[in-house]
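Here is the structure we will look at.
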Amino acid sequence: QRIPPRQYIPTRSYDTQHIKLDLHFDWEHEQAIGTETFSFMPLTNDLRSIELDAANMSFSSVKLANGTPLKFEPDMAHEKLRITMDRAYQPSDLVTLVISYSTNGTSKDSGIGGFGRGLTFIKPTPEEPNRPKQIWSQGETEYNHYWFPCYDHPNDFSTTEITATVEKPLIVVSNGRLVEAKDNKDNTRTFHWKIDTPHASYLTSIVVGEYVPVQGNYAGIPIITYVYPNELEAGKVTAARLPEMVKFFSEKTGLKYPYEKYAQTVTRDFGGGMENISATTQTDNMVHDARTELDRDADGLESHELAHQWFGDYVTCRYWSDIWLNESFATYFQAMWDEHRLGRDEFLYRDVKGNEDAYYNTWAQGNRRPIVTSNFNSKDAIFDTYAYPRGGAVLHMLRKTLGEENWWRSINHYLKKYANQPVQTEQFRIAIEETTGQPMDWFFDEWLYKMGHPVFRVNQSYDQSAKTLTLKVRQEQKPDPNSDYPQVGFFRMPVDIEIGTSGATRVERVMIEPKEEQTFTFTVDSQPQLVNFDYGSTLIKELKFDKPTDELVYQLTRDEDLTGRLWALNQLSARWNDKATADAEKHKIAAALGAALNNDKFWGVRTDVAAALTKVQGTEARTALLAATKDKDARVRASAVKALGKSNDPSLATVYLPLLNDESYATISEAANALGDTKNSAAYDALVKLLNAPSWHDQIRAYGLSGLARLEDKRALEAGLRYSSGDNWPQVRAAALRLIGAVGKDDPRVFQIVSQSFLHAASRQDFQIAAASGDALVKLGDPRGIEILEQGVKSANSPQFQGFLRQFQQRLRQAAQPAQKGSGQ
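To get the working numbering, take the position in the sequence shown, counting from 1, and add 32.
In structure tokens, the structure reads:
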């Protein structure tokens, strides 16, 4: 299909005013039971019936607030509850219904993956006795009607309140302010939450669990992170910068954080984060100790979900075709938090380059569409690269095009003009034009409503006598013949050009016009040593700019622009891998990369150089990588070890062994894997020692098991069996399953354990354990595993998860073919 079908927002006949839920829970049957008070005003004259979205529910009664019973018709096949009113109502009437209902089980089918629909119950099982007792909801995109009847589309805003009764010591976290928390005589507590800010139904949420709060504050507003009682200190590390994030976003947008509190609550089996209004739900994998921050932190996830409180909650996309107004904004504000906290280079590396690279990979795979389109296969499928990194990259271009002052003035005007309203992309464009006076239809047309990006070919020449640098710039992009989405012919865009000589460096801005070729001339006193087209890599683009190796080496080692150095690195790496490149040239490139690995001032460049040196042979590369294993930055050490490990060289075991005691978890992980791959005789004892090393969530134990799987020493089988049970941390269990798959082919216990693990994980959409046990079944190569994998696919109730599981079927069929032939089957 050249273009998906067009999707439209449903027609509605009423405007929801307020929803009040009063709930308790049946843990055995995984049900919510209670009443909903639903207030609305008609949008049409003589309204005699309404239709609410509702799925997997049973209803005992529907009444008016005065007790008058109403006729109702549940239609669960179409996920609707139809209610016949007692008379005709007019748009001036406020109507309140009281609905008594219960949910019927839960559904883990979610197109986004790992979230589920409606309510998810988490509780200990015989297979996993250490699981916490929790309930959490997931509303986005349109899944809250799986736990309360509502108009479940983003273009209707209402206020909400939730009263929920739970057994002690569980607590309830929901939207807005905590009105009351009271103890009851039956060892339960009732929590009453209420939010007076109107919002889309999908942003309503509830979390039930045993938690302690990490308390913070910004300008009198409570900033709370709810974590498990035994992880309080780690929770303090994880959430340490959260109040500063709230301050930053409040000050930069010009709109103080707009709700009574901000909470984030960690949950088991949750796929990332969800920006429920004033009450974000987060994965419990977010929590980490101080040692983890040598390698990574949770600022990206925390700042992204926090930014949504302005972009996605305070203003919300009217329909999913405009989802970039939520997700791209959160992605870019996450990036600007990095810029504020960590500086320009970190921002360019993590966010500008990271977002662009994610988009290029998607484009190269043939997944192509405009950011804003009503043509999509499903509302969940549009939460993709275009909604997140591509849109974030477009916002960066917009900021650079407008300039700092106009950018922030436009953001402030947009938020204030459309406060607590559903919005469309055109309203954002109009807000910019009202603020700046600049027409922006050309920008939105190119970068949002049409698909594609420019492909520039740049040629440079220097006239010594005229002291003139000339750049010829051609746009060589071609339309995609396989798509009927609207496409850009030629692009218009300002671009910054960095020109460096032995005396000075300057940046010139020129305007690319929407035509095939342009020529730009610059007065330059001497032959330029550096010409960097698109300083800062602001543009989404492909660049073909052929330069001599010496110029690329100069750019790699001397360009102050991090993105310029990375571009030169990519060009030099490609040249080294080109069979036509002469040996002398390759020697020069290897020396330059080695120097950059040891001398570049930014860790990200050094890690990228280490990865590039993986393919570069010779003493220069190995010497540089060996030196980098002692780099001051843990991320560089890990990258260097990973690059060296690709060689499987047994003589490097002496390099990896001391790194098993590194402070960095990531470095230990890479050293354990590399050591296992060497098959060195010293590896087994060293890796077994890691199994008892203390670490956050037993990470180091998992690394030891992973290294042992690569070592393929059968002595490790019993350790693998011991740690493959469900009372271990998931990453430990996953590593153990892969280990027994690698060394347990001859032990009848292994196939049974791996098969049971796979089927259990498949039934509850556990990606991590399903992947590990799937890998183990493939490694075992037992043809019986094909039927196990088929059972797992059938038990998975999400098409996306089924597709994920089928890869293991295909791999096992290939692996089992030689065995079948050998046994005469």
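A virtual CB, placed ideally from N, CA and C, is assigned to each residue, including glycine.
Asked	Found
What's the C-alpha gap between Trp-179 and Ala-848?	45 Å
Touching or not, the segment 78-94 and the segment 112-126, by the rule of three or more beta carbon pairs under 8 Å?	yes
Checking the sheet assignment: what are the DSSP bridge partners for Ser-757?	Looking at the DSSP assignment, Ser-757 forms no beta bridge with any residue, so it has no partner.
By a C-beta neighbour count over all protein chains shown, 10 Å radius and 16 as the cutoff for buried, is Tyr-40 buried or exposed?	exposed
Going by C-alpha distance, which of Lys-678, Cys-182, Leu-657 and Glu-276 is nearest Ala-627?	Leu-657
Provide the residue span of the alpha helix (DSSP H) that contains Arg-382, from first to last.	Premise fails: Arg-382 is in no alpha helix (DSSP H) and is neither H nor E.
Below 8 Å on the Cβ atoms is my guess for Tyr-291 versus Ser-233; work out the distance and round it to an integer in Å.	Rounded, the Cβ-Cβ distance is 17 Å, inconsistent with contact.
Asp-370: buried (16+ other C-beta within 10 angstroms of its C-beta) or exposed?	buried
If you draw a straight line from the alpha carbon of Pro-546 to that of Lys-432, how long is it in whole angstroms?	19 Å
Could you say which of Leu-102, Glu-68 and Gly-99 lies nearest to Met-89 if we only look at CA atoms?	Glu-68
Go to Ser-787, then tell me how far its alpha helix (DSSP H) extends in each direction, as first and last residue.	780-795
Which two residues bound the contiguous alpha helix (DSSP H) that contains Trp-608?	594-608
Once DSSP output is grouped into helix, strand and coil, what is the label at Gly-150?	strand
Relative to the alpha-carbon of Leu-692, which residue among Ile-801, Gly-736 and Leu-427 has its alpha-carbon at the smallest distance?	Gly-736
Look at Asp-640 and Leu-598 and say whether their C-beta atoms are less than 8 Å apart.	yes
Should Tyr-298 be labelled buried (16 or more other beta-carbon atoms within 10 Å of its own) or exposed?	Residue identity check: residue 298 is Val in the sequence provided, not Tyr. With 16 or more Cβ atoms within 10 Å of its Cβ, Val-298 is classed as buried.
Distance, Cα to Cα, Arg-221 vs Asp-329?	35 Å
Quick check for students: name the residue ranges of the beta strand (DSSP E) that lie wholly in the segment 183-224, counting only runs of 3 or more.	189-199, 203-206 and 209-215
Which of helix, strand or coil does DSSP assign to Tyr-21?	No answer is possible for residue 21: it lies beyond the span of the chain, which begins at 33 and ends at 857.
Pick from Glu-458, Met-429 and Ala-660: whose alpha carbon is nearest that of Met-525?	Met-429
Which residues bound the alpha helix (DSSP H) around Arg-733?	731-743
Can you pull the DSSP bridge partners for Lys-52?	Thr-69 and Glu-193
Using alpha carbons as the reference points, say which of Asn-399, Asn-409 and Ala-390 lies closest to Gly-424.	Ala-390
What separation, rounded to the nearest whole angstrom, lies between the Cα atoms of Gln-49 and Ser-124?	13 Å
Which residues in the same chain as Thr-613 place their Cβ atom closer than 6 Å to its Cβ, once the five residues preceding and following it in sequence are excluded?	Arg-607
Tell me which residue opens and which closes the beta strand (DSSP E) that Ile-35 is part of.	Element bounds for Ile-35: n/a, residue is neither H nor E.
Output yes if chain D places a C-beta closer than 8 Å to the C-beta of Asp-301; else output no.	In the structure shown, chain D cannot be found, because there is only a single protein chain.
Could you tell me whether the Cβ atoms of Gln-800 and Ala-828 are closer together than 8 Å?	no
CA-CA distance, Gly-435 and Thr-467?	13 Å
Whose CA, out of Lys-52, Val-527, Lys-711 and Ala-704, lies closest to the CA of Asp-681?	Lys-711
When the Cα of Ala-803 is compared with those of Arg-816, Trp-728, Glu-819 and Gly-824, which residue comes out closest?	Gly-824
What is the DSSP secondary structure of Gly-532, reduced to helix, strand or coil?	strand
In whole angstroms, what separates the C-alpha of Arg-538 from that of Ala-659?	34 Å
Since Thr-686 is in the alpha helix (DSSP H), which residue starts that stretch and which ends it?	685-691
Using a Cβ distance threshold of 8 Å, determine whether the segment 714-726 contacts the segment 737-751, with at least three qualifying pairs required.	yes
Under the rule that 16 or more other beta-carbon atoms within 10 Å means buried, what is Lys-721, buried or exposed?	exposed
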